[in-house]
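See structure below.
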Amino acid sequence: MASYANISADQGADFQTILELEDANGDPLDLTEYNLYGQIRRTYKSANAVDFTIVKNNATGGIIHVKLTSEQTASMKSGRYVYDIYSMNTEISNSRIKLLEGIFELIPSVTKIIE
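Here the working numbering is used: position 74 in the sequence shown is 75, and no number is missing along the way.
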């Protein structure tokens, strides 16, 4: 079963967070052999999705960096979304594990930057 965490970001700004993932025993989750994927959707059934960029900062220590660009957050309407992050191991018959899920809140921006 996946861990649950709510996260929030500012509309029109870059978003990034570092996550430390652990197994059921509280040990760092070794992500060496896994590819990571994550998406945000308005609801679980929504056809449109925004993809996270996920980088393994320390694969054996279970530390990942999750990012969205300012262009991505600007293109989204403010409000509540759902998200999840999966790992996939192509060496073990495409084994998929949901690592994390929760509510993603996009906070509206007051300042509009004109370039």
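Note that beta-carbon positions come from the ideal geometry of N, C-alpha and C, so glycine has one too.
R81 is not a Cβ neighbour of E102, given a cutoff of 8 Å.
Going by DSSP, A75 is part of no beta strand (DSSP E) but of the alpha helix (DSSP H) stretching over 71-75. Nearest C-alpha to D11 among N90, E21, L69: L69. Annotation for V56: the continuous beta strand (DSSP E) segment containing it runs 54-59. The Cβ atoms of I114 and I64 lie no closer than 8 Å to each other. The beta-carbon separation of A6 and T74, rounded to 18 Å, does not stay under the 8 Å limit for a contact. Residue environment for G39: buried (at least 16 other C-beta atoms within 10 angstroms of its C-beta). Distances from the CA of V83 to each of E34, N26, V51 were compared; the closest alpha carbon is that of V51. Apart from sequence neighbours up to five positions away, the residues of its chain that approach K57 with a beta-carbon distance below 6 Å are L32, I65, ordered along the chain. In the same chain as S4, and ignoring 5 residues on each side of it, the C-beta atoms closer than 6 Å to its own belong to L101, in chain order. Between the C-alpha atoms of T54 and L37 there is a straight-line separation of about 9 Å. By the beta-carbon neighbour count (other beta carbons within 10 angstroms, threshold 16), Y35 is buried.
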